[in-house]
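Line by line, the protein sequences give chains A and B. Going by this note's numbering, the first sequence opens with residue 1124, and the numbers climb by one from there. Going by this note's numbering, the second sequence opens with residue 16, and the numbers climb by one from there. All C-beta atoms in this analysis are idealised placements derived from N, C-alpha and C, irrespective of residue type, glycine included. Read the structure below first, then the notes.
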Amino acid sequence: VTTVADLLHEALINTALMIAGYALLLIVRSARSVDADRRVTPAAAWVALGGASFVLVLAVTSLLHVNRPAVVLLPPVLALALALAVRRSGSVVIDLVRAVPAAALIASSAAVVARAFRLGSFTGDSFHLIANSRLFAQNRILLFALDAPSEFEGFPPGYSLLQMPSAWGGHTANMSLGLLIAGAIIIQVAHLLRTGPRPAPPLLTVAVVGTLMATHFFWVMTNYVNSHAVVALLLLVAYALLRDAEQPQHHSARSVGELAPLLVVLSALVLLRVENVLVLLLFLTLLSRTDDAASGRVSTLRAGLVAVGATAVLHQTVVIAVYVAAGSSPSVSSLGLLGVGVGALLTAAFAPWLIRARVLPADYAVLVLLAANAGYAILDRRAFARSVLATLENLFAWRGGWGILPIAVILLAGTAWLTTSSDDREGAEVRALLRFCLAAVLLLFFTGFLRDLPFRVGAGDSFNRQLFHLLPLVMVAIGRAIGRSGSLHQVQVEAAADRPAEQTDRAHERH
Amino acid sequence: MARWPLDRLARLVARTRDGRDAQMVTALMLGALLATGAISIGLFPFVSEESDFRVARRVPGAADSDVFESYGFAQRYHVHRELRTRHPGAELVLLEAAPSGWNLRQQLIAYGGAGIVCDADEVAAFVAENGGVTALIERLEASGTLQQWVGGDPRSGSVHRIIASTGTTRFLVLSDARTLDIIGLDLVEFLFDQRCDDRG
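Structure (structure tokens):
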């Protein structure tokens, strides 16, 4: 039976989480691009940045064996200290006084709604993650890790750490976290459509957000006790933060303080899922500006690569140490990911040279990944065929839980790609986002080869679930592609300007 | 003639990129998006209770930690809690016949207990030698080795099961993702004899 004390406990945790996110948002707001459109909406930032800071701070305290309930207060306190240090004007304290009641109200409402509607969905993985969160809370995670190093490796600590404060209260899981994440995703998608050079009209925003909300799988995944919804939200917010940091007028070098929220999100993503290191390398190389890095200045690309690389190296070092302490040989995957982390750090160090030499594979990422999957098909034909057939069945035969959304997304994304060009800024952004999503899908499919296990039919298939990470970004790209020509006035002006040329074309055709 | 539709499409794409015909494409895309949303609501929900995901709100009375009891795969969580409640201080012994996706060791460590990892084939062979699951259970029950079942009965056909109380302070949990069978202390002794990997 859920008691008022249970609700208050969860509301308190989520309030602390949102206040941590709020403090980090203050840093974003103090950035130099203060007059430009801010791509990160407060609602998403409170949850996403708060969740990311929780993961990182609790990871450090767990390593130091100082896990006590009071640690919940560390992320907001650290974030506020950082905000005070970076913010140049205004009073952080006054802002905080305003924010606490709002966060508490949202957290309490979410806790009540989540229980009233019995939100929450589980699979076997949920139980592993929750058992780990309990072990983290008890400082006994190493006991388990030394007993089963491969399973310790297979379930990265991020989501369990996020759930750890609930274990302190004797609860199974933070049941309202999913609701907060769902809300944050919806609001952030709408906000990304409503900002930028060509804000989407309200009907378009409603159509994009409505389609997302009308998909039952969206609610299952956001309320699923696993890391998927957090990853989807953090990727979305990382994209918005990247765009904030790389506003066209933002030519001067960025300070670490200004980039801090983005780096916190990227590091947390590395700790949330094994394959995220690879996805984030694609994210950074395909979506961030390379001209800054080429000039050797501090750039989002280089700072991001350092955050991803350093976190991956630290995480995999712990995993390898556990294997060694348990008397086993480190797994190939842990050594490989350590190598990827070191590679990211080296890429950051040599970024200017690599970009000038055109070695960074940004332009060829999709081709390289297509080739990798072709290699998969050749080396393990049977597994590849099984994975392809299962995926087709999941996406187009209603077995994956998506409904008709995949068909619509593929048609619309294809149309968006064909009807945009990289010549204008908006079109270039849409194409870059779609290219990243396609590359990430190919990469995630290739992980089937790396893990040596084909994908299967069913909503719970890991590839099917991982596609959810990219869904909000794809919806943003589609919305922006439609909104690109959404300004009727603009279209009419362009059409009028082009009419004489069109008539000339027709005249030529007649001849 | 065969190239005609492609030519037409290429021309349409070019014109749309130039800004001409953009309204038509915009309207089509927006319509497709709205239709997707509308159809999705109409076909709601796609994820059935029988699918991989167990949606808590469909389970009557499920709330917070109780939700675990609503799922077959959470049987062991229930079993552990049940054992701890009924027999505080009892020693839990786990036999996990790998390969098992359900890491009982993890939960045993989280909730207190020891783990013994054994080979699935050895467990299966032992069960086979004893005439199968049902015969072995009956034999163990008749000998008084098994006094009660907690959390279910393997004869019900469910894969993920069970536990046996042996009438001593020692309890045995056996987990085998393929068959999930059996047990009594004689099996523990058998498995120890087989030099199972004991990492308690």
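- Against chain B, the CB of T1570 (chain A) has no partner CB under 8 Å away; the residue lies outside that interface.
- Each of A:I1217, A:P1272, A:A1233, A:R1481 was checked against the Cα of N1255 (chain A), and the nearest Cα belongs to A:P1272.
- Here I1478 (chain A) really is in contact with T1413 (chain A); their C-beta atoms are around 5 Å apart, less than 8 Å.
- Beta bridge pairing from DSSP links Y1347 (chain A) with A:S1244.
- Below the 8 Å Cβ cutoff, chain B contributes L48 as neighbours of V1331 (chain A), in chain order.
- Just measuring C-alpha positions, the residue of A:D1486, A:H1314, A:L1528 sitting nearest L1407 (chain A) is A:D1486.
- In this structure, A:L1327 is the residue among A:A1143, A:L1327, A:S1176 with its C-alpha nearest to the C-alpha of L43 (chain B).
- Judged by beta-carbon spacing, A1167 (chain A) lies beyond the 8 Å limit of V1387 (chain A), meaning their Cβ atoms are not closer than that value.
- By the neighbour-count criterion, in which a residue is buried when 16 or more other Cβ atoms sit within 10 angstroms of its Cβ, D1546 (chain A) is exposed.
- When the beta-carbon positions are compared, L1566 (chain A) and L1492 (chain A) come within less than 8 Å of each other.
- Around the CB of A37 (chain B), 16 or more other CB atoms lie within 10 Å, so the residue is classed as buried.
- For T1318 (chain A), there is no enclosing alpha helix (DSSP H), as DSSP marks it with neither H nor E.
- In terms of beta-carbon proximity, L1394 (chain A) stays away from the interface with chain B, with every pair separated by 8 Å or more.
- Following the DSSP letters along the chain, one finds T1184 (chain A) inside the alpha helix (DSSP H) bounded by residues 1165 to 1186.
- Between A1604 (chain A) and V1564 (chain A), the CB-CB gap reaches or exceeds 8 Å.
- Counting C-beta pairs closer than 8 Å gives fewer than three between the segment 1211 to 1228 of chain A and the segment 1315 to 1323 of chain A, which falls short of the contact rule.
- The C-alpha of V1447 (chain A) lies about 21 Å from the C-alpha of F1259 (chain A).
- Nearest C-alpha to F1245 (chain A) among A:A1175, A:P1192, A:G1301: A:G1301.
- Straight-line spacing of the CA atoms in S1422 (chain A) and Q1261 (chain A) works out to 40 Å.
- Identification of residues in the segment 1277 to 1311 of chain A having a C-beta nearer than 7 Å to some C-beta of chain B yields H1294, T1295, M1298, given in sequence order.
- Taking 8 Å as the CB threshold, T1434 (chain A) stays off the interface with chain B.
- In this structure, V1489 (chain A) sits near R1558 (chain A), with a CB-CB distance shorter than 8 Å.
- Just so you know, the alpha carbons of N1517 (chain A) and V1236 (chain A) end up roughly 31 Å apart.
- Secondary structure note for P1198 (chain A): its alpha helix (DSSP H) is the uninterrupted segment 1197 to 1209.
- Rounded to whole angstroms, the separation of the alpha carbons of V1348 (chain A) and W1342 (chain A) is 12 Å.
- Scanning chain B for C-beta atoms nearer than 8 Å to the C-beta of L1534 (chain A) yields A47, reported in chain order.
- Between the C-alpha atoms of F1278 (chain A) and V1445 (chain A) there is a straight-line separation of about 14 Å.
- In the structure shown, the three-state DSSP call for R1558 (chain A) is helix.
- Counting of Cβ neighbours within 10 angstroms places F1240 (chain A) among the exposed residues, the total staying below 16.
- The three-state secondary structure of N1137 (chain A), taken from DSSP, is helix.
- In this structure A1435 (chain A) is in contact with L1460 (chain A), their Cβ atoms being roughly 6 Å apart against a cut-off of 8 Å.
- Here N1346 (chain A) has L1242, G1243, S1244, G1301 as same chain residues with Cβ atoms under 6 Å from its own Cβ, once five neighbours each way along the sequence are excluded.
- Below the 7 Å Cβ cutoff, chain B contributes L45 as neighbours of L1327 (chain A), in chain order.
- Between the alpha carbons of R1509 (chain A) and R23 (chain B) lies a distance of about 37 Å.
- By alpha-carbon distance to L1596 (chain A), the top candidate from A:I1308, A:Y1499, A:P1165 is A:I1308.
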